[in-house]
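Numbering (mature numbering (1 follows the signal peptide of the UniProt record, and there is no 0)), first residue to last: -31 to -1, 1 to 255.
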Amino acid sequence: MVLTVKMKRKAASSFSIIFVVLSGSCREVSGFTSQIHHRHQFSFTSSTTTTSTPSQTISQSIIGHLHECTVHNRRTSRTALNAKKTSTKKKATTSVTSGAGFGTKIVAVDKQVRSVSGHRGSGEKPLRQAANTFDAIRKDHGAECTNDVYCRSPLNDKETFWFVGKIAVRPNTAATPEQAVLSQKRLILEYSKRELRPQNLGGKYSDNLELWIAPGDSEMDAVQNKISLVRVDGSTADLVPDFSVKDVGYNPEIYVGDEREKGGLRIKRDDEGRPIKPVFDVNQSI
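In structure tokens:
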């Protein structure tokens, strides 16, 4: 059944609305044009009266179908046609995508985590910020506020731990060495497996990478098997509320010369981080 309703407004031209009543609902078949620049709503309500206007008589049964049906006037002015839609998209707060180049997209709380986005070279800025913070903290508080960081890939070699840099923690803050690693974990891992040692930590060896720490500037003691390493477990969810990434830094290991091919400092440890071989003197052969 087709119903045509003609309506007039004081200040504008007339317009018509055509409805098709199907299965108790109304669908708009053809729209209408108007010079009105504002959105209006027209609602139909039940009525038992009839009209003597040229329009068709509206029966009670049809009004029942049209009850609650609302028609919205479409804008046709130049302003409406050229108007830009207001964006309702929100910035992403989490990310789990991976891509080529230095950096897997990960976005977290800016005040607690040094994040790395997904495009090539995206790790340069956070890495520079981390290194500058490390230098500032170490300059003010010395080596006592630092820790050496090692990375292990069980898929590559369970006994080999690669030295990948150092972290620094500002004293008298909520930060700890473990939280310094967790807040920069993705940055450290991405740099280690993509830039520093992809042969042993990247590609098929990149799953389940582990980060371990030792006292600051203890490379020689580590090589001589005098110290053990401590594994850092957890995620950014374990960071305390008062923690701030501004209180921690990371100084990445950088290879020079044949270290790029042959590798730099690495040590042998068991699954608990303990030396596999006995302590030896620096003058003795390894």
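Glycine included, C-beta positions come from ideal geometry on N, C-alpha and C.
All values reported here derive from a predicted model rather than from experimental measurement.
Could you say which of the options lies nearest to residue i if we only look at CA atoms?
i	options	result
Glu93	Pro244, Gly111, Leu156 and Ala112	Leu156
Asp104	Lys215, Asp126 and Thr142	Lys215
Asn220	Lys135, Gln81, Ile245 and Glu128	Lys135
Val202	Ile236, Arg229, Val85 and Gln153	Just to set this straight, residue 202 is Asp in the shown sequence, not Val. The residue with the shortest Cα to Cα distance from Asp202 is Gln153.
Glu159	Val138, Ser213 and Asp176	Asp176
Ile236	Glu230, Asp227, Pro247 and Gly226	Pro247
Asn169	Asp79, Asp240 and Glu128	Glu128
Phe212	Ala112, Val192 and Ala143	Ala143
Val138	Gly233, Arg163, Ala112 and Arg97	Ala112
Arg200	Asp109, Phe130 and Cys114	Phe130
Lys162	Asp109, Ala191 and Arg229	Arg229
Tyr174	Phe249, Leu234, Thr102 and Asn125	Asn125
Met189	Gly172, Gly232 and Phe249	Phe249
Glu164	Ala191, Tyr224 and Ile196	Tyr224
Leu234	Gln193, Glu241 and Asp240	Gln193
Cys114	Ser187, Gly172 and Arg83	Ser187
Leu198	Gln81, His110 and Glu241	Glu241
His110	Lys231, Gly185 and Gly232	Gly185
Terminal residues of the continuous alpha helix (DSSP H) containing residue i?
i	result
Asn101	Glu93 to His110
Lys80	No alpha helix (DSSP H) holds Lys80; DSSP gives it neither H nor E.
Glu228	Glu228 to Lys231
Can you tell me where the beta strand (DSSP E) with residue i in it begins and where it stops?
i	result
Lys237	Arg235 to Lys237
Pro221	Val217 to Pro221
Should residue i go down as buried or exposed, given a rule of 16 or more other Cβ atoms within 10 Å for buried?
i	result
Val217	buried
Asn116	buried
Arg243	exposed
Lys141	Note that residue 141 corresponds to Asn in the displayed sequence, not to Lys. Its Cβ having fewer than 16 others within 10 Å, Asn141 is exposed.
Val251	exposed
Thr63	Because Thr63 sits at a pLDDT of 40, beneath the cut-off of 50, its placement in the model cannot be relied upon, and the following sentence gives the value as read from the coordinates. The residue in question, Thr63, is exposed, as its Cβ has fewer than 16 Cβ neighbours within 10 Å.
Val133	buried
Glu222	buried
Arg97	exposed
Pro167	exposed
Arg107	buried
Arg238	buried
Val85	buried
Ile245	exposed
Gly226	exposed
Ala77	Note that Ala77 scores a pLDDT of 44, beneath 50, so its modelled location is shaky and nothing firm can be said.
Could you tell me if the beta carbon of residue i falls within a distance shorter than 7 Å of some heavy atom in the ligand COA?
i	result
Gly111	In the structure on display, the ligand COA does not appear, and there are no ligands present to speak of.
As an exercise, report each continuous beta strand (DSSP E) stretch of at least 3 residues that is fully enclosed by the stretch 121 to 202, in chain order.
129 to 138 and 179 to 184
Cβ contact (3+ pairs, closer than 8 Å) linking the stretch 116 to 124 and the stretch 180 to 192:
yes
Three or more C-beta pairs closer than 8 Å, one from the stretch 140 to 160 and one from the stretch 197 to 216: is that the case here?
yes
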